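Engineer: Submitted below is the structure of interest, expressed as structure tokens.
2 protein chains.
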Amino acid sequence: MTQMRPPTGSRAAAADRGIPEATVARLPVYLRALAALADAGMRTASSEQLAGAAGVNSAKLRKDLSHLGSYGTRGVGYDVEYLRYQIAREIGLTQDWPVVIVGIGNLGQALSSYGGFRSRGFSIVAIFDADPDRVGEEHGGLPISPMDQLEPVVAEHGISIAVIATPGPAAQEVADRLVAAGVSSILNFAPAVLSVPERVDVRKVDLSIELQILAYHEQRKALSGEEAVPGHDATDDVAAKVVGQL
Amino acid sequence: MTQMRPPTGSRAAAADRGIPEATVARLPVYLRALAALADAGMRTASSEQLAGAAGVNSAKLRKDLSHLGSYGTRGVGYDVEYLRYQIAREIGLTQDWPVVIVGIGNLGQALSSYGGFRSRGFSIVAIFDADPDRVGEEHGGLPISPMDQLEPVVAEHGISIAVIATPGPAAQEVADRLVAAGVSSILNFAPAVLSVPERVDVRKVDLSIELQILAYHEQRKALSGEEAVPGHDATDDVAAKVVGQL
DNA sequence: AAGAGTTTGTGAACGAGAGAACAAAATCGA
DNA sequence: TCGATTTTGTTCTCTCGTTCACAAACTCTT
Numbered sequence: 001m002t003q004m005r006p007p008t009g010s011r012a013a014a015a016d017r018g019i020p021e022a023t024v025a026r027l028p029v030y031l032r033a034l035a036a037l038a039d040a041g042m043r044t045a046s047s048e049q050l051a052g053a054a055g056v057n058s059a060k061l062r063k064d065l066s067h068l069g070s071y072g073t074r075g076v077g078y079d080v081e082y083l084r085y086q087i088a089r090e091i092g093l094t095q096d097w098p099v100v101i102v103g104i105g106n107l108g109q110a111l112s113s114y115g116g117f118r119s120r121g122f123s124i125v126a127i128f129d130a131d132p133d134r135v136g137e138e139h140g141g142l143p144i145s146p147m148d149q150l151e152p153v154v155a156e157h158g159i160s161i162a163v164i165a166t167p168g169p170a171a172q173e174v175a176d177r178l179v180a181a182g183v184s185s186i187l188n189f190a191p192a193v194l195s196v197p198e199r200v201d202v203r204k205v206d207l208s209i210e211l212q213i214l215a216y217h218e219q220r221k222a223l224s225g226e227e228a229v230p231g232h233d234a235t236d237d238v239a240a241k242v243v244g245q246l
Numbered sequence: 247m248t249q250m251r252p253p254t255g256s257r258a259a260a261a262d263r264g265i266p267e268a269t270v271a272r273l274p275v276y277l278r279a280l281a282a283l284a285d286a287g288m289r290t291a292s293s294e295q296l297a298g299a300a301g302v303n304s305a306k307l308r309k310d311l312s313h314l315g316s317y318g319t320r321g322v323g324y325d326v327e328y329l330r331y332q333i334a335r336e337i338g339l340t341q342d343w344p345v346v347i348v349g350i351g352n353l354g355q356a357l358s359s360y361g362g363f364r365s366r367g368f369s370i371v372a373i374f375d376a377d378p379d380r381v382g383e384e385h386g387g388l389p390i391s392p393m394d395q396l397e398p399v400v401a402e403h404g405i406s407i408a409v410i411a412t413p414g415p416a417a418q419e420v421a422d423r424l425v426a427a428g429v430s431s432i433l434n435f436a437p438a439v440l441s442v443p444e445r446v447d448v449r450k451v452d453l454s455i456e457l458q459i460l461a462y463h464e465q466r467k468a469l470s471g472e473e474a475v476p477g478h479d480a481t482d483d484v485a486a487k488v489v490g491q492l
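Quick note, the sequences are listed as chains A and B, same order. Per this note's numbering, the first sequence starts with residue 1, numbered consecutively. Per this note's numbering, the second sequence starts with residue 247, numbered consecutively.
Below, the structure written as structure tokens:
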């Protein structure tokens with residue numbers, strides 16, 4: 001999904017609820033950096049310090065924060081606790097988000113025991129698996145529920161966010177059921193392209209894709225070191241193409 | 247930018263080894279889509295079909311592929327097997343990449359048992375954990391090695407890619423040791439900002455950040471439905487700011 | 001062999017994001 | 001109070017990525 005609010009004239013950043021996607025993706029990072037600074041006893045922080053802790057450039061950080069409103073003080077910096085609250089509010093972490101996880105394989109188990117969710121305002125209210133033999137097994141303090149409980153649970157808790165951690169082939173059907181039951185945001189760990197209605201947000205996390213991207217760069221590093229004479233790839237390509245087309 | 251077309255005949259694009267980052271990130275997706283099409287018995291596929299299977303727009307797919315070279319046939323489409331091989335070669339999947347995983351908590355266990363790595367040319371050669379009591383425990387067919395084996399193992403296998411799945415506070419030290427031992431690409435699952443030398447690539451996967459991004463959009467959906475009058479947030483903000491600054 | 005029909009590869013327009021640079025706003029010291 | 005200093009918020013420019021639209025290149029049918 002994409003929301004492109006045409007800027008309706010009003011320049012007040014806080015009123016302008018359309019925050020750039022790239023900025024939204026960094027807000028949680030800032031939140032974590034602020035938490036670290038707060039733990040270290042800092043009550044105030046400059047954009048330079050915060051940017052350092054978050055691993056970004058300070059100009060970018062300032063621009064990101066300016067989209068939320070004018071929450072800093074020139075000559076001083078940002079009040080750590082106050083900014084923390086503002087970002088949390090902007091992201092929606094001041095409320096609690098009930099979540100379900102579908103698919104309790106290795107990854108699903110890891111997710112259901114992962115403390116990082118609960119501590120940030122997400123509470124896992126149920127976990128599901130298609131294997132009837134595993135129903136009742138406990139993971140992260142929750143029993144595995146049977147798949148036929150999916151719709152009633154989603155409805156009862158008003159779930160809008162779900163995590164899919166099933167094998168690839170099962171993912172689409174699960175997504176369909178989740179959407180039909182009322183879910184409108186899905187975090188997908190399954191290696192599959194999900195097709196969902198426009199109003200539904202899907203974010204995909206793919207472990208093997210990340211490794212492949214690293215492999216590409218790694219290969220380039222290796223190649224750029226050893227390869228001085230260009231052109232031998234050309235014949236290689238032609239040969240391969242002929243073979244491939246046979 | 248130096249995007250000059252060297253009119254030196256044969257394969258201009260293939261010689262141009264600089265593939266845009268955004269394209270690199272999609273190549274693995276195309277690879278998976280091609281595998282699915284091949285399994286379905288298709289020997290040839292149009293950009294439209296392939297784009298459908300990969301969940302992207304066909305113009306984007308064509309431009310992405312054009313960066314690798316001119317591997318399609320006008321009026322026909324792309325030879326599935328041939329394109330598969332070319333992409334795999336470009337990413338570097340025609341060779342085998344040995345990988346180590348550090349940190350065998352819930353997530354590390356899931357990663358070490360995950361089949362998607364091995365099937366794509368990544369072989370996990372060792373797993374490490376800081377807890378001495380767990381050394382020897384088997385996960386995914388490998389025993390947990392003690393941390394002091396990290397450097398020798400990395401050296402012996404010529405490891406260049408490593409996965410960090412430790413708790414946040416331990417991540418930086420692990421990264422330092424990996425880099426010192428010769429690793430130049432890191433996939434980081436720990437909730438921490440890693441600082442590494444320039445030549446080292448780091449990719450970060452953060453589960454709770456993904457959920458937070460979904461929460462933001464979810465909150466916006468909810469808000470845009472109920473809220474018609476803007477401006478009340480402003481006073482809210484002012485009040486909060488005063489409180490926060492006390 | 002020629003025309004009709006497909007489908008790629010790419011030029012051009014557009015939009016989003018990153019970074020540099022600086023004016024505006026606040027503090028601090030005398 | 002005034003000037004020096006710090007640091008934000010914003011403007012401008014540049015780069016990168018996406019999308020459109022179409023000529024070129026290929027196949028197929030007659």
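Note that beta-carbon positions come from the ideal geometry of N, C-alpha and C, so glycine has one too. This one's a predicted model, so the numbers in the text were calculated from it and none came from an experiment.
Output needed for Arg-330/B: all residues of its chain with C-beta closer than 8 Å, excluding positions within five of it in sequence on either side, in chain order.
Structural biologist: Excluding sequence neighbours, Arg-330/B sits near Leu-277, Leu-280, Ala-281 and Ala-284.
Engineer: Might you give, ordered along the chain, the residues of its own chain that have their beta carbon closer than 8 Å to the beta carbon of Asp-452/B, omitting 5 neighbours on each side?
Structural biologist: Excluding sequence neighbours, Asp-452/B sits near Phe-435 and Pro-437.
Engineer: Name, going along the chain, the residues of the segment 431-454 of chain B whose beta-carbon falls closer than 7 Å to a beta-carbon of chain A.
Structural biologist: Here the close residues are Ser-431, Leu-433, Pro-437, Val-439, Asp-447, Arg-449, Val-451, Leu-453 and Ser-454.
Engineer: Kindly indicate the opening and closing residues of the beta strand (DSSP E) around Leu-187/A.
Structural biologist: Run containing Leu-187/A: 185-188, per the beta strand (DSSP E) assignment.
Engineer: Check distances from the C-beta atoms of the segment 453-470 of chain B to those of chain A and list, in chain order, the residues that come in under 9 Å.
Structural biologist: Those would be Leu-453, Ser-454, Ile-455, Glu-456, Leu-457, Gln-458, Ile-459, Leu-460, Ala-461, Tyr-462, His-463, Glu-464, Gln-465, Arg-466, Lys-467, Ala-468, Leu-469 and Ser-470, in chain order.
Engineer: Closer than 7 Å by beta-carbon distance: list the chain A residues that pair up with Asn-352/B, in chain order.
Structural biologist: Chain A residues near Asn-352/B: Gln-109, Ala-110, Ser-113 and Tyr-114.
Engineer: According to the Cβ coordinates, are Val-420/B and Ile-410/B closer than 8 Å?
Structural biologist: Contact: yes.
Engineer: Could you give the distance in angstroms between the alpha-carbon of Gly-105/A and the alpha-carbon of Tyr-328/B?
Structural biologist: Distance between the alpha carbons of Gly-105/A and Tyr-328/B is about 34 Å.
Engineer: Using a Cβ-Cβ cut-off of 8 Å, state whether Leu-178/A counts as contacting chain B.
Structural biologist: Chain B, which has no Cβ nearer than 8 Å to the Cβ of Leu-178/A, makes this no.
Engineer: Would you give the residue range spanned by the beta strand (DSSP E) that Ile-390/B belongs to?
Structural biologist: 388-392 is the span of the beta strand (DSSP E), which, as asked, contains Ile-390/B.
Engineer: Using a Cβ-Cβ cut-off of 6 Å (strictly less than) and excluding sequence neighbours within five positions of Ala-181/A, which residues of its own chain qualify?
Structural biologist: Correct list, in chain order: Glu-151 and Val-154.
Engineer: Along the segment 58-75 of chain A, what residues have a CB closer than 9 Å to any CB found in chain B?
Structural biologist: Correct list: Gly-69, Tyr-71 and Thr-73.
Engineer: Please give me, in chain order, every unbroken run of the beta strand (DSSP E) with length at least 3 that falls completely inside the segment 313-381 of chain B.
Structural biologist: Taking only runs of at least 3 residues, the beta strand (DSSP E) segments lying wholly in the segment 313-381 of chain B are 323-325, 343-348 and 368-375.
Engineer: Pro-323/A to Tyr-71/A, Cα distance in whole Å?
Structural biologist: A question about residue 323/A goes unanswered here, because the residues of chain A that appear run from 1 up to 246.
Engineer: So which of Glu-294/B, Gly-338/B, Ser-292/B and Ile-390/B has the shortest CA-CA distance to Leu-211/A?
Structural biologist: Of Glu-294/B, Gly-338/B, Ser-292/B and Ile-390/B, the residue nearest in Cα terms is Gly-338/B.
Engineer: Report yes if the C-beta distance between Ala-171/A and Leu-194/A is below 8 Å; otherwise report no.
Structural biologist: Yes. Within cutoff.
Engineer: Can you confirm whether Pro-20/A, when its beta carbon is compared against all beta carbons of chain B, has any partner nearer than 8 Å?
Structural biologist: Not closer than 8 Å to any Cβ of chain B, the Cβ of Pro-20/A fails to qualify, so no.
Engineer: Spell out a yes or no on whether the segment 442-450 of chain B and the segment 134-149 of chain A are touching, meaning 3 or more CB-CB pairs, one atom from each, closer than 8 Å.
Structural biologist: Flag = no, the segment 442-450 of chain B and the segment 134-149 of chain A do not touch.
Engineer: Buried or exposed: Gly-18/A, going by 16 or more other Cβ atoms within 10 Å of its Cβ?
Structural biologist: Burial call: exposed.
Engineer: Look at the Cβ atom of Pro-274/B, then the Cβ atom of Ile-209/A, and state whether they are nearer than 8 Å.
Structural biologist: Yes, these two residues count as a Cβ contact at 8 Å.
Engineer: Taking Cβ positions, are Arg-134/A and Ile-127/A nearer each other than 8 Å?
Structural biologist: No, the Cβ-Cβ distance between Arg-134/A and Ile-127/A is not below 8 Å.
Engineer: Below 7 Å between beta carbons is the criterion; list the residues of the segment 393-419 of chain B that meet it against any residue of chain A, in chain order.
Structural biologist: From the segment 393-419 of chain B, only Ser-406 and Ile-407 have a Cβ closer than 7 Å to chain A.
Engineer: For the beta strand (DSSP E) holding Arg-449/B, just list the boundary residues, first then last.
Structural biologist: Here the beta strand (DSSP E) through Arg-449/B covers 447-450.
Engineer: Listing by chain order, which chain B residues have their CB less than 7 Å from the CB of Ala-25/A?
Structural biologist: Here the neighbours are Ile-459.
Engineer: Buried or exposed: Glu-156/A, going by 16 or more other Cβ atoms within 10 Å of its Cβ?
Structural biologist: Classification of Glu-156/A: exposed, given that the 10 Å Cβ count is below 16.
Engineer: Using CA coordinates, which residue listed in Pro-378/B, Arg-335/B and Ser-365/B is at the minimum distance from Gly-349/B?
Structural biologist: Answer by Cα proximity: Pro-378/B.
Engineer: Which residues, in order along the segment 40-60 of chain A, keep a beta-carbon less than 8 Å from a beta-carbon of chain B?
Structural biologist: Taking 8 Å as the Cβ-Cβ cut-off against chain B, the residues of the segment 40-60 of chain A that qualify are Ala-53, Ala-54 and Gly-55.
Engineer: Is Leu-142/A close to chain B? Criterion is C-beta to C-beta, closer than 8 Å.
Structural biologist: It does not; no Cβ of chain B falls within 8 Å.
Engineer: Would you grab the beta carbon distance between Tyr-114/A and Val-270/B for me? Rounded to a whole angstrom, and I think it's under 8 Å.
Structural biologist: About 29 Å; that fails the 8 Å criterion.
Engineer: Going by the beta-carbon positions, is the gap between Ala-110/A and Gln-355/B smaller than 8 Å?
Structural biologist: Contact: yes.
Engineer: So Ser-365/B packs on Ile-347/B, CB below 8 Å; how close in whole Å?
Structural biologist: That pair is no contact at about 16 Å.
Engineer: What residues of chain B sit near Ile-91/A, judged by a beta carbon separation below 9 Å?
Structural biologist: Those are Gln-458, Ile-459, Ala-461, Tyr-462 and Gln-465, listed as they occur along chain B.
Engineer: Could you compute how far the alpha carbon of Leu-214/A sits from the alpha carbon of Asp-447/B?
Structural biologist: Leu-214/A and Asp-447/B: Cα-Cα distance of roughly 7 Å.
Engineer: How many whole angstroms separate the CB atoms of Leu-142/A and Ile-124/A, which I take to be in contact at a CB cut-off of 8 Å?
Structural biologist: Rounded, the Cβ-Cβ distance is 6 Å, consistent with contact.
Engineer: For Phe-363/B, go through chain A and note every residue whose CB falls closer than 9 Å to its CB, in chain order.
Structural biologist: Residues of chain A passing the Cβ test: Leu-207, Ser-208 and Leu-211.
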